[in-house]
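Visitor:
Structure representation (structure tokens):
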């Protein structure tokens, strides 16, 4: 395993508030883990009742922007069944139960693109879809990434590509990277890449 | 209604691919519209069968970064039940069936913060969560936004705040804006704000 990533200062703040204006009255389980979905009956702040269908808090995912020793980015194109399309993304994947976030990032880097990193940097975490999901995404930059053979799961259809950083950011600014979370990771990484003279 | 927004050049490209490597064999409906969720039995590219729980394509949402005539940003803090937290966001909301995206943006701007815009600019659209959702998000910048009283739905708990743009971008860079889609909209808007001398 490579050196352990640190965490970003905002990660401990991605938690529920101390006070809740809505009250859960009843819950129906629509689907079990790992893609747990529920329908709650809720007492709203105004006193009236409502229904809310959503994915509860619990699931976490890591995102990794891998940078090679030559200063290139490793991007993937992955087939995404819900969209019926191949989508350009950074490395990403779900965190397993009880798994450390840094361990998950190193594991996904190895599995998806066969990468091993010399140095890690944590970026701000975020909620990808607050209206419907309690999932939290934790992004990293991985530097000095050496590539070996990937170990994709048989349920994954992934093409790896190594691109010059100016080309990746040209695509980002032009709106050619359709994956929102990957785009956000790239934007948060930009300042660090510029500071290191890589962009 | 204010002048109609144009669309971004990437919007017509946010569609399924012509060829699909996976084949849908069977489908169970887990929840009906507007938050439709399904469980599909799928023939994967390698020939084996799998299950996939997801939200199918169809739902769309608009995002709006409102800028006042004085060059401030209008942000909201909205209670998000799936997270149990108030989250800082730009204006956003679901597009109604058959509704034009520009109309939805103007409607949400008026409903959520009581805003009416003099000028609109479309930003790159994106997929917020390709692994689990077919939803597509369409963002806008709204300029010259004059604020009146908001018309929040009784199921929404929203606080409006008007902030100096440098403060909003300080929060963004520091990882203090936890909503991923709002953060991405702000990053895509940055260049235009700088070009106009507003940031």
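Residue numbers (my numbering), protein chains in the order written: chain A, 1 to 199; chain B, 1 to 199.
Heads up, the beta-carbon is just placed ideally off N, CA and C, and yes, glycines get one too.
Since the model is a prediction, treat every value here as computed from it, not as a measurement.
Determine whether the Cβ of residue 61/B lies closer than 9 Å to any Cβ atom of chain A.
Guide: yes
Visitor: Taking Cβ positions, are residue 109/B and residue 66/B nearer each other than 9 Å?
Guide: yes
Visitor: Give me, in chain order, the residues of the same chain whose beta-carbon lies closer than 8 Å to that of residue 125/B; leave out the 5 immediate sequence neighbours on both sides.
Guide: Cβ within range, chain order: 8, 10, 11, 14, 136, 137, 138 and 139.
Visitor: Nearest CA to the CA of residue 26/B: which residue from 19/B, 44/B, 17/B and 16/B?
Guide: 44/B
Visitor: Please report the straight-line C-alpha distance between residue 1/B and residue 157/A, rounded to a whole angstrom.
Guide: The predicted model places residue 1/B with a pLDDT of 48, which falls under 50 and marks its position as unreliable, so this point remains unresolved.
Visitor: In terms of residue numbering, what span does the alpha helix (DSSP H) encompassing residue 168/B cover?
Guide: Taken as a continuous stretch (DSSP letters only), the alpha helix (DSSP H) holding residue 168/B covers 165–174.
Visitor: I want to verify the contact list: residues of chain B whose CB lies under 7 Å from the CB of residue 8/A, in sequence order.
Guide: 175
Visitor: So, does the stretch 119–133 of chain B touch the stretch 80–94 of chain A, judging by three or more C-beta pairs under 8 Å?
Guide: yes
Visitor: Determine which residues share a DSSP beta bridge with residue 23/A and list them.
Guide: 43/A
Visitor: What is the DSSP secondary structure of residue 184/A, counted as helix, strand or coil?
Guide: When secondary structure is reduced to three states using DSSP, residue 184/A falls in the helix class.
Visitor: If you draw a straight line from the alpha carbon of residue 18/A to that of residue 83/B, how long is it in whole angstroms?
Guide: 12 Å
Visitor: Please compile the residues from chain A whose C-beta is within a distance smaller than 9 Å of the C-beta of residue 22/B.
Guide: For residue 22/B, the C-beta contacts it makes with chain A under 9 Å involve 79, 81, 84 and 157, in order along the chain.
Visitor: Report the rounded CA-to-CA distance for residue 147/B versus residue 189/B, giving the unit in angstroms.
Guide: Answer to the nearest angstrom: the Cα atoms are 20 Å apart.
Visitor: What residues are listed by DSSP as bridge partners for residue 31/A?
Guide: 37/A
Visitor: Could you check whether residue 106/A and residue 5/A sit closer than 9 Å to each other, using their CB atoms as the reference points?
Guide: Their beta carbons are under 9 Å apart, which means residue 5/A touches residue 106/A by this criterion.
Visitor: Would residue 81/A and residue 42/B be called neighbours here (beta carbons separated by less than 9 Å)?
Guide: Yes, the pair counts as a contact, with Cβ atoms nearer than the cut-off.
Visitor: Keeping to the same chain, check which residues put their C-beta closer than 6 Å to that of residue 40/A; ignore five residues upstream and five downstream.
Guide: Counting only Cβ-Cβ distances below 6 Å, and skipping sequence neighbours, we find 24, 27 and 52.
Visitor: Compare the beta carbon distance of residue 175/B and residue 68/B with 9 Å and say whether it is the shorter of the two.
Guide: no
Visitor: For residue 187/B, which residues from the same chain have a beta carbon less than 6 Å from its beta carbon, with the 5 sequence-adjacent residues on both sides left out?
Guide: No residues qualify anywhere along the chain.
Visitor: Enumerate in chain order the residues of its own chain whose CB-to-CB distance from residue 172/A is below 8 Å, with the five nearest sequence positions on each side excluded.
Guide: 183, 186 and 187
Visitor: What residue range does the beta strand (DSSP E) around residue 136/B cover?
Guide: 136–143
Visitor: Please list the terminal residues of the continuous alpha helix (DSSP H) segment that includes residue 87/A.
Guide: Counting along the chain, residue 87/A falls outside any alpha helix (DSSP H), though it belongs to the beta strand (DSSP E) covering 85–89.
Visitor: Could you say which of 31/B, 70/B and 48/B lies nearest to residue 163/B if we only look at CA atoms?
Guide: 70/B
Visitor: In the DSSP assignment, the beta strand (DSSP E) including residue 60/A goes from what residue to what residue?
Guide: Its beta strand (DSSP E) spans residues 60–66.
Visitor: Roughly how many angstroms lie between the CA atoms of residue 149/A and residue 160/A, to the nearest whole one?
Guide: 10 Å
Visitor: Hey, quick one: how far does the alpha helix (DSSP H) through residue 113/A stretch, first residue to last?
Guide: 101–113
Visitor: Less than 9 Å between the beta carbons of residue 178/B and residue 87/B, yes or no?
Guide: Closer than 9 Å, so yes.
Visitor: Please list the residues of the stretch 132–158 of chain B that have a C-beta atom closer than 9 Å to any C-beta atom in chain A, keeping them in chain order.
Guide: 132, 133, 134, 135, 136, 137, 154, 155 and 157
Visitor: Going by DSSP, what residues sit across from residue 122/B in a beta bridge?
Guide: 140/B
Visitor: Let's test the definition: count the other Cβ atoms within 10 Å of the Cβ of residue 206/A and tell me whether it reaches 16, buried, or not, exposed.
Guide: This structure gives no information on residue 206/A, because the portion of chain A shown stretches from 1 to 199.
Visitor: Can you round the beta-carbon distance between residue 194/A and residue 121/A to whole angstroms, since I take them to be within the 8 Å contact cut?
Guide: Not confirmed; about 14 Å, so no contact.
Visitor: Buried or exposed: where does residue 115/A fall if 16 or more other Cβ atoms within 10 Å of its Cβ makes it buried?
Guide: With 16 or more Cβ atoms within 10 Å of its Cβ, residue 115/A is classed as buried.
Visitor: Rounded to the nearest angstrom, what separates residue 33/A and residue 152/A at their Cα positions?
Guide: 22 Å
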